[in-house]
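Structure record follows, encoded as structure tokens.
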Amino acid sequence: MTGNLKLLINFMEKFLGTVKFGNDQIAPILGYGDLVQGAVTIKRVYYVEGLNHNLFSVGQFCDADLEVAFRNSTCYIRDLNGNDLLTGSHGTDLYSITLQNTTSPNPICLMAKATSSQAWLWHRRLS
1084 MTGNLKLLIN FMEKFLGTVK FGNDQIAPIL GYGDLVQGAV TIKRVYYVEG
1134 LNHNLFSVGQ FCDADLEVAF RNSTCYIRDL NGNDLLTGSH GTDLYSITLQ
1184 NTTSPNPICL MAKATSSQAW LWHRRLS
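Residue numbers for the sequence shown, in my numbering: 1084 to 1210.
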């Protein structure tokens, strides 16, 4: 999901329901499009008016060629060769990653690999 319509290409305007934010406000899902970062395209990213951060489900990254490893207070974003591209720090119930700290010259997108139970846990935390 994104609140920035400028990030999306091939935008399809269509009411798809609503989402509820952590502060109990409700916002409409007004359509979807593709988000391109470098050579990676993430399909069917929802446009949610008023969303201040970009949120992606693990399922959207299943076909991307990056992986995420979580260790104690740090997460590592790596390519399939094991090269660290980004690191993030653990905060209160979440990991934050600043994309400006990338060691890659190209913009990237993130994917996490998890078991079905781990994926469900993160889905519940982000819902």
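Backbone N, C-alpha and C define an ideal beta-carbon position, used for all residues, glycine too.
What is the C-beta distance between residue i and residue j, in whole angstroms, given that I count them as a contact (C-beta under 8 angstroms)?
{"i": "TYR1130", "j": "THR1085", "result": "6 angstroms"}
What number of angstroms, rounded off, separates the C-alpha of residue i from the C-alpha of residue j?
{"i": "PRO1111", "j": "MET1095", "result": "14 angstroms"}
{"i": "GLY1133", "j": "SER1179", "result": "20 angstroms"}
{"i": "GLY1171", "j": "ASN1135", "result": "19 angstroms"}
{"i": "LYS1097", "j": "ARG1154", "result": "40 angstroms"}
{"i": "ASN1164", "j": "VAL1151", "result": "13 angstroms"}
{"i": "TYR1159", "j": "ASP1167", "result": "6 angstroms"}
{"i": "VAL1128", "j": "PHE1104", "result": "17 angstroms"}
{"i": "THR1157", "j": "ILE1109", "result": "32 angstroms"}
Is the distance from the Cβ of residue i to the Cβ of residue j below 9 angstroms?
{"i": "ASP1162", "j": "ASP1148", "result": "yes"}
Validate contact between the region 1112 to 1119 and the region 1088 to 1096 using beta carbons, cut 8 angstroms, 3 pairs: yes
I'd like the ranges of any beta strand (DSSP E) spanning at least 3 consecutive residues and lying wholly in the region 1102 to 1127. 1109 to 1120
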